[in-house]
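Undergrad: This is the structure I want to talk about, given as structure tokens.
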Amino acid sequence: MKLETSRLDRFISQNTDYSIADTRLLIAQKRILLDGRVAHSIQQKVTKFTRVVLDGNCLKDLSPVYLMLNKPRGVVSATKDPKHTTVLDLIQHPQKDELHIVGRLDFNTTGLVLLTNDGAWSRRISLPETKLAKTYEVTLSKPLNDEYIAAFREGIHFAYENITTRPAQLEILSENSARLSLIEGKYHQVKRMFGFFQNEVLSLHRVSVGPISLEGLEVGQSRPLTPNELAATESHGPC
Ligand code: URA
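Using this note's numbering, the first residue of the sequence shown is number 797, and each one after it goes up by one.
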């Protein structure tokens, strides 16, 4: 079954024995329902999440799922792993096999992990242009000072990829701890940014992604995002 967005007549021809031309007749006979409503045009869009029913038979029924998880230490941000517990192992959901992770955390990093089956949403959340801050609490092996704040605001050069990180906001909380907000997610980004100062990250915890905060969710637990949380991610558009 094809799951990309397509026109209704194309979807019907690709997923049933009826042709593109037959679809007009099926519509005229009111035999197709899209999300519970009688289809009225061959040009109607069928998306990944449109429920399509023909003559009472469901051709496609995939509902979008958006979950948050409080990841413990020592859990792999992967769907399968031969040795270790994965974030998917911690999820109980009937559609869990459809889910992918939005922004992985390292094995020993804890905190907020988002999971979804909606690829368009996860791409949006991850785009730096969407400007959704990923906020981390960090404990360091050496004391911090104001030089870090300026350097992170300016951007740190990563020689391997030859890129400079986008402006990041650092708030020093104590001699050895800070809160860091990034709008991007490069490989091991936080550790490499502090690595610029040869300052080792001892613990790393993601507390929020944009308007979605981990608060109130026990370690190892997951829950669906609320409609308000989802709507809040939509209001952060590219500028
Ligand atoms: N940056 C890191 O270095 N590790 C993470 O897990 C997340 C961001």
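Even for Gly, the Cβ is constructed at its ideal location relative to N, Cα and C.
Since the structure is predicted, the reported quantities are computational estimates derived from the model, not experimental observations.
Less than 8 Å separating the beta-carbons of Leu901 and Lys867?
TA: Result yes, Cβ atoms of Leu901 and Lys867 sit closer than 8 Å.
Undergrad: With respect to 7 Å, is the separation between the Cβ of Gln985 and the closest non-hydrogen atom of the ligand URA below this value?
TA: Gln985: yes, Cβ under 7 Å from the ligand URA.
Undergrad: Mind pulling the alpha helix (DSSP H) runs of 4 or more residues that sit fully within the segment 889-965?
TA: Segments of the alpha helix (DSSP H) lying fully in the segment 889-965: 915-922, 942-950.
Undergrad: Please state if the CB of Val849 and the CB of Gln829 are separated by a distance shorter than 8 Å.
TA: In the sequence as presented, Gln is not what sits at residue 829; that position holds Leu. A contact, by the Cβ cut-off of 8 Å.
Undergrad: When you measure from the CB of Leu901 to every non-hydrogen atom of the ligand URA, does any distance come out below 7 Å?
TA: Leu901: yes, Cβ under 7 Å from the ligand URA.
Undergrad: On the DSSP bridge assignment, give the partners of Pro1020 in chain order.
TA: Bridge partners of Pro1020: Leu863.
Undergrad: How big is the Cα-Cα spacing for Glu996 and Tyr983?
TA: Spanning the two alpha carbons is a distance of roughly 16 Å.
Undergrad: Return the chain-ordered list of same chain residues with a C-beta closer than 8 Å to the C-beta of Asn1024, the five sequence neighbours on each side being excluded.
TA: So no residue of the chain qualifies.
Undergrad: Which residues in the same chain have their Cβ closer than 8 Å to the Cβ of Arg803, if we skip the five residues on either side of it in sequence?
TA: Taken in chain order, the residues that qualify are Ile838, Gln839, Gln840, Lys841, Val842.
Undergrad: Please say whether Arg949 and Pro924 have beta carbons closer to each other than 8 Å?
TA: No; because the gap between Cβ atoms is not below 8 Å, this pair is not in contact.
Undergrad: For the ligand URA, I want to know if Arg1000 counts as a neighbour, meaning its beta carbon is within less than 7 Å of at least one of the ligand's heavy atoms.
TA: Reading off the sequence shown, one finds Leu at residue 1000, where the question assumed Arg. Answer for Leu1000: yes, Cβ within range of the ligand URA.
Undergrad: Taking the C-alpha atoms as reference points, what is the distance between Cys1035 and Gln825?
TA: With a pLDDT of only 33 at Cys1035, under 50, the local geometry of the prediction cannot be trusted, and no value is derived from it.
Undergrad: I need the straight-line Cα distance from Arg1002 to His953, nearest angstrom please.
TA: Approximately 23 Å between the Cα atoms of the pair.
Undergrad: Please report the Cβ distance between Val872 and Leu886, rounded to the nearest whole angstrom; I am assuming they are in contact, meaning their Cβ atoms lie under 8 Å.
TA: About 11 Å; that fails the 8 Å criterion.
Undergrad: Taking one C-beta from the segment 932-940 and one from the segment 966-975 each time, how about it: are there three or more such pairs within less than 8 Å?
TA: In short, these stretches touch, since the Cβ pair count reaches three.
Undergrad: Answer with buried or exposed for Asn913, where buried requires no fewer than 16 other C-beta atoms within 10 angstroms of its C-beta.
TA: With 16 or more other Cβ atoms within 10 Å, it is buried.
Undergrad: Which residues in the same chain as Gly1033 place their Cβ atom closer than 8 Å to its Cβ, once the five residues preceding and following it in sequence are excluded?
TA: Unreliable positioning characterises Gly1033 in this predicted model, as indicated by a pLDDT of 48, which lies under 50. The coordinate reading is nonetheless provided below. Same-chain partners within the cutoff: Thr926.
Undergrad: Give the DSSP bridge partners of Thr882, in chain order.
TA: Answer is Val872.
Undergrad: Starting from Leu858, trace the beta strand (DSSP E) both ways and give me its first and last residue.
TA: Premise fails: Leu858 is in no beta strand (DSSP E) and is neither H nor E.
Undergrad: Exposed or buried, which one is Met797 when buried takes at least 16 other CB atoms within 10 Å?
TA: In this prediction, Met797 has a pLDDT of 40, which is less than 50 and means its spatial position is unreliable; nothing more can be read from the coordinates.
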